[in-house]
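K.L.:
Numbering (the numbering used here), first residue to last: 2 to 295.
Ideal placement from N, C-alpha and C gives every residue a C-beta, glycine not left out.
Shown below is the structure under consideration.
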Ligand code: NAD
């Protein structure tokens with residue numbers, strides 16, 4: 002069993018750290034929120050007074066933070082963890098952040114001989130609690146072998162996407178595609194409904210035809226078609242519009258930095274940003290159906 006420092010205990014990090022405790026690892030946590038630390042202490046973690054204290058002498062440092070600036074502040078600079086860590090420690094940043102910051106932290110870690118992987122996840126809070134997340138990792142092969150040993154206790158699919166930053170690029174590609182096929186699925190279902198088709202029957206037809214996709218298969222956006230989907234529960238998230246807009250912003254940065262024009266991704270971002278501006282940020286991302294209906 003490993004010793005792990007877990008930094009960032011929010012909606013995702015809390016249940017991920019809890020799963021590591023359940024798997025028998027020795028987990029020391031740090032979060033700016035005392036309430037978040039208290040909850041993990043009850044679950045069996047030790048609580049540190051700072052990220053540096055948590056990370057001292059551990060096998061793994063895992064972070065699950067809101068954005069690139071938090072990750073940079075945690076790991077880079079004279080006060081950052083990379084300045085303090087031993088080369089035997091492996092750093093796994095599971096946050097969804099910009100690929101440029103992930104590469105920067107990866108390069109800084111490599112200079113110090115510390116293994117680093119950006120390891121963003123697919124799957125929301127429910128998958129974090131169930132330990133069924135998918136991890137998309139960016140870093141070298143030796144670090145990936147070490148990463149798998151611990152990520153396996155928080156998820157079920159672990160991919161090596163390429164060098165540092167590649168995990169974030171994979172995540173950006175995936176979530177851009179998710180936004181596009183969710184909007185496309187809403188558009189098709191609404192067009193059918195306006196022409197008298199029952200969305201349930203149309204869903205069955207498309208599921209057995211070439212329009213089949215993940216949104217249709219497990220996350221139907223039309224209320225009443227799928228009992229457990231957010232659409233049938235007043236679009237309670239699930240995966241919030243705010244997070245989709247964040248992820249699409251990161252995908253746009255990746256496209257710009259690689260001089261790639263992505264018209265469908267850009268349009269998806271515009272639609273989701275407008276939906277967010279209309280007060281839907283905290284609702285599930287499948288509520289984009291309502292924007293198309295209006
Ligand atoms: P959250 O806001 O619930 O949690 C973030 C936590 O980080 C908070 O508890 C906050 O106090 C803590 N924090 C912030 N700065 C810190 C610092 N410097 N040191 C220590 N703790 C600090 O966010 P979340 O929903 O858990 O998401 C975390 C990451 O996972 C984000 O990058 C998000 O995009 C990504 N993600 C979220 C979901 C989801 O469904 N919520 C799904 C996939 C990926």
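#1: May I ask which residues mark the beginning and end of the beta strand (DSSP E) holding residue 6?
#2: Please name the residue in 11, 212, 98 whose C-alpha comes closest to that of residue 254.
#3: Would you tell me roughly how many angstroms separate the C-alpha atoms of residue 148 and residue 194, rounded to the nearest one?
#4: Please classify residue 144: is it buried, with 16 or more other beta-carbons within 10 angstroms of its beta-carbon, or exposed?
#5: Using 8 Å as the Cβ pair cut-off and three pairs as the minimum, do the stretch 268-275 and the stretch 167-185 touch?
#6: Measure the Cβ-Cβ separation of residue 126 and residue 16 and say whether it is below 9 Å.
#7: Of the choices 154, 157, 85, 246, whose alpha-carbon is the least far from that of residue 179?
#8: State the Cα-Cα distance for the pair residue 4 and residue 141, rounded to the nearest angstrom.
#9: Apart from the five residues on each side of it in sequence, which residues of its chain come closer than 7 Å, Cβ to Cβ, to residue 221?
#10: Can you check the stretch 28-106 for any beta strand (DSSP E) of at least 3 residues that lies completely inside it and give the ranges in chain order?
#11: Return the bridge partner residues of residue 134 from the DSSP annotation.
#12: From what residue to what residue does the alpha helix (DSSP H) around residue 197 run?
#13: Helix, strand or coil for residue 233 per DSSP?
#14: To test your reading of the DSSP string, which unbroken alpha helix (DSSP H) runs of 4 or more residues are found completely within the stretch 213-292?
#15: Among 157, 114, 166, 159, which one has its Cα closest to the Cα of residue 139?
#16: Looking only at its own chain, which residues have a Cβ that is under 6 Å from the Cβ of residue 285, when we skip the five neighbours before and after it?
#17: Give a single yes or no on whether residue 216 has its beta carbon closer than 8 Å to a heavy atom of ligand 1.
#18: For residue 75, I'd like the list of residues in its chain whose CB is within less than 8 Å of its CB, leaving aside the five on either flank, ordered along the chain.
#19: DSSP beta-bridge partners for residue 366?
#20: Do the CB positions of residue 129 and residue 155 come within less than 9 Å of each other?
#21: Applying the 10 Å Cβ sphere with the 16-neighbour rule, what's the burial state of residue 264?
#22: Under a Cβ-count criterion, where at least 16 other Cβ atoms within 10 Å of its own Cβ denotes burial, should residue 260 be classed as buried or exposed?
#23: Report the option in 72, 50, 24, 294 whose CA atom is closest to the CA atom of residue 191.
P.N.:
Reading it off the structure:
#1: 4-8
#2: 98
#3: If you take the alpha carbons of residue 148 and residue 194, they lie about 47 Å apart.
#4: With 16 or more neighbouring CB atoms inside 10 Å of its own CB, residue 144 falls in the buried class.
#5: In the pairwise beta carbon analysis, the stretch 268-275 is classified as touching the stretch 167-185: at least three pairs are separated by under 8 Å.
#6: yes
#7: Closest by alpha carbon: 246.
#8: Between residue 4 and residue 141, the C-alpha separation is close to 22 Å.
#9: 204, 227, 230, 232
#10: 61-64, 91-94
#11: 156
#12: Per DSSP, residue 197 belongs to no alpha helix (DSSP H) and is neither H nor E.
#13: Reduced to three states, the DSSP call for residue 233 is helix.
#14: 215-219, 242-258, 264-276
#15: 166
#16: 231, 236, 238, 239
#17: no
#18: 8, 52, 64, 66, 81, 82
#19: With the chain running from 2 to 295 in the structure shown, residue 366 is simply not present.
#20: Yes.
#21: exposed
#22: Burial call: exposed.
#23: 294
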